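Below is one structure, written out as structure tokens, with a few remarks after it.
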Amino acid sequence: MCGIVGFTGARAAAPVLLGGLERLEYRGYDSAGIAVFHDGAIQVEKVSGRIARLREKTEDGALTPGSAGIGHTRWATHGAPTDLNAHPHLSNDGRFAVVHNGIIENYLELRKELIRDGYVFQSETDTETIVHLLEKYYDGDIKTAVMKTAARLEGSYALGIVCTDTPDALYVVREASPLILGVGVEENYFASDVTALVSHTKNVIYLDDGEFAKLTPDSIKVFDCTGCEVKKPVSRVTWSVEAAEKGGYEHFMLKEIMEQPAAVKAALTPRIHDGRVQLDGFELSAEELGGVSKIIITACGSAYYAGCSGRYAIEHLCRVPVQVELASELRYADPMVDEHTLVLVISQSGETADTIAALRECKARGAKVIGIVNVVGSTIAKLSDHVLYTFAGPEIAVATTKGFTTQLTVLYLFALYLAEKLGRIDADSYAALVKELQHLPRRIQQTIDMNWQLPKLASRYASHSLFFIGRNTDYAVALEGALKMKEISYLHAESYAAGELKHGTIALIEENQPVIAVCCNEALMDKTLSNIVEVKARGAKVLALSCKGNKKIVSQADDVIFIPRVETVFSAALAVVPLQLLAYYAAKEKGCDIDKPKNLAKFCAKGHKTRLIRSPTRLWRYKTLS
Ligand code: GLU
């Protein structure tokens, strides 16, 4: 997991690289480096720690002159985050420098082979094998060396390469890690995602797996893995520079929480016309839908919890069975999926490796796949039969907020679309729910405005480990609330289905134990209230989250956070917002690095491409595909 960036043009490369790396820092931030071509040689500067240290070391790039170069911000997978293990890595003859995002799975065998061949390794990384392979296969033709090298690599890689023999050229290769080319005027770029490019150009080329490219200031040539040139369309990015900046907020996370009304609106508006939900150019025919026996939603982390919440909406409105599966489990589960299964795959980045692997498993078994992603042109978008973009705009903070609520919004839209198609909803209820959905952005804004007391509540409740409880959709919110708290404040937070407390967990409740009780589901209010009474009887301190006007809750809980009244089926999109803010203020009070929590990065690019095969012993096993 890391960010890579490259620039070639007429101006100084280093400032462009440093700026790009700063925008990519959310992807990994344990070390950073740049390599710039100057005066016949490649100058490499790298440091452990944040990009700010690299800025300092290079005096904002002034000490690394030259107009073509590559950069990297690392999230170490192989070897500690030290100066030596930081990228770029240099070949022994100093001819090549390489930056890499991903994992080379067969690096040990390559390393042994290269050491036998006499190459000397400076680092413990898997990446360094790549640069020595380039040197080994280079006979004056870089294209051939790149192809031969790529053919030896197993795993995932987005590579940026410079070579002293072609001073103004950059080479890039993509396999199961994201990589985008930026098309400028007499200058060109590459980066792991568009946030690093939008301040320079909005014209981009999305590379596909197995493709590689050569960039010079005035040309971009893309090739397939056999070396044949391929014509790639140039796409236009709609994100603005401001959207990728903090806009006056102290943290990206706070900015992104505040952007939720606009983001949800952006997800809704293009899909509701004359009171009807229409989904981006895809129509599932009555026959197609009639053949669907079940829906599987698969995702990781918060996207999985969005799926848990979406399940209630789909089952409630469509009466179709929905299974929600962790992608990291589903991929190895020999899943019960066939052509009668509709699979919804959710990922903000569209690059979550486990989710991609689960998607491939389901497709291989004949399922129809709908991807719900934010990033246009991402791997999941490409592999899915249909894509529903969440239109959240760039999400920079590692802990997702607007990514989550826009995923919920798309799931709600999908539930309404499907309910109507299947004839499971009457016209009046449908019209009322579509209208209610259109009010969501305003209600999210009201939720934010109503909850000015959250910083105080955060310091009252976030003192030690917390429990989050709820039932049904409220349980899905409790799961996400607890995850937010863990991710950014590092407080121990657990979520339980409220009815499960008495089956064991209640033993952990003692004097002053903070319990966050989500009770926005009117139908289950009394049930959750009795759980509140039970934990209070054992000394817990209860912060309840409920819909405005609920008097019963005020008499039972110690403190209450309110959200506006809303149809229960959509309540998660409001209820999660105060919990995001609670986690944010708890983390702030603890002085945590909110946008870049320790040990996390924005997406998992392990990228193991695997396929289930029958081994000779007839047991199922997973084979890594090269
Ligand atoms: N596997 C490489 C390393 O550990 C790259 C990791 C990354 O993608 O940041 O250096």
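Here the sequence shown is numbered in our numbering, starting from 735 and rising by one per residue.
Ideal Cβ positions, reconstructed from N, Cα and C, are used throughout, including at glycine.
Bear in mind the structure is a predicted one, so any value in this text is a computation, not a measurement.
- For T859, the CB falls within less than 8 Å of some heavy atom of ligand 1.
- With 16 or more other Cβ atoms from the protein chains shown falling within 10 Å of its own Cβ, C897 counts as buried.
- At a threshold of 8 Å, G813 counts as near ligand 1, since its beta carbon sits closer than that to one of the ligand's heavy atoms.
- With a cutoff of 9 Å on beta-carbon distance, A885 and C959 are scored as near each other.
- Assignment of beta strand (DSSP E) within the region 938-1008, counting only whole runs of 3 or more residues, yields 946-950 and 953-957 in chain order.
- With three or more CB-CB distances shorter than 8 Å, the region 1250-1259 counts as touching the region 1301-1313.
- Put simply, of G803, C1281 and V1300 the residue whose alpha carbon is nearest the alpha carbon of P901 is G803.
- At a threshold of 8 Å, N840 does not count as near ligand 1, since its beta carbon sits no closer than that to any of the ligand's heavy atoms.
- DSSP places T807 in the strand class (E or B) of the three-state scheme.
- Closest in C-alpha terms to H1007, from the list A1216, T859 and V1168, comes V1168.
- Not a single heavy atom of ligand 1 lies less than 8 Å from the C-beta of G1041.
- Here DSSP, grouped into helix, strand and coil, assigns A1166 to helix.
- When the alpha-carbon of K1155 is set against those of F986, V1294 and E1021, the nearest one is in E1021.
- DSSP lists V1107 as the beta-bridge partner residues of S1081.
- Within the region 1087-1160, the beta strand (DSSP E) runs of at least 3 residues that lie entirely inside it are, in chain order, 1102-1107 and 1120-1123.
- If you look at Q1314, you'll find it isn't in any beta strand (DSSP E); it sits in the alpha helix (DSSP H) that goes A1306 to K1324.
- Note that the region 815-822 touches the region 767-776; at least 3 beta-carbon pairs, one per stretch, sit closer than 8 Å.
- Sequence-distant partners of S1280 (beyond 5 residues in either direction) whose C-beta falls short of 7 Å from its own C-beta, in its chain, are C1253, C1254, I1287, V1294 and F1296.
- Distance from the CA of V1144 to the CA of I876, rounded to the nearest whole angstrom, comes to 45 Å.
- As a beta-bridge residue in DSSP terms, K780 pairs with G767.
- The C-beta distance from L751 to G805 rounds to 4 Å, short enough to meet the 8 Å contact threshold.
- Remark: the shortest separation between the CB of C736 and any heavy atom of ligand 1 falls under 8 Å.
- Taking the Cα positions, A1000 is about 12 Å away from G1137.
- The distance from the Cβ of V928 to that of W973 is about 6 Å, consistent with a contact at the 8 Å cut-off.
- About 45 Å separates the CB atoms of D1162 and Y760; that is not less than 8 Å, and the two are not in contact.
- Distances between the C-beta of N835 and the heavy atoms of ligand 1 include at least one below 8 Å.
- If you compare the alpha carbons of A1047, I1030 and V1110 with that of H1074, the shortest gap goes to I1030.
- Within the DSSP secondary-structure output, L915 pairs in a beta bridge with F924 and I939.
- Given a length threshold of 4 residues, each whole run of the alpha helix (DSSP H) inside the region 827-884 is given here in chain order: 841-850 and 862-871.
- The region 1178-1192 makes no contact with the region 1005-1019; the number of CB pairs closer than 8 Å stays below 3.
- For M881 and A1033, the gap between their C-alpha atoms comes out near 33 Å.
- Judged by beta-carbon spacing, T1207 lies within the 9 Å limit of Y1046, meaning their Cβ atoms are closer than that value.
- In this structure, the CA atom of R908 is about 5 Å from the CA atom of D943.
- T1086 is a Cβ neighbour of A1037, given a cutoff of 9 Å.
- Here S1027 is exposed, its C-beta having fewer than 16 other C-beta atoms within 10 Å.
- Residue nearest to A996 within the set S825, A786, T1124 and G894 is T1124 (criterion: CA-CA distance).
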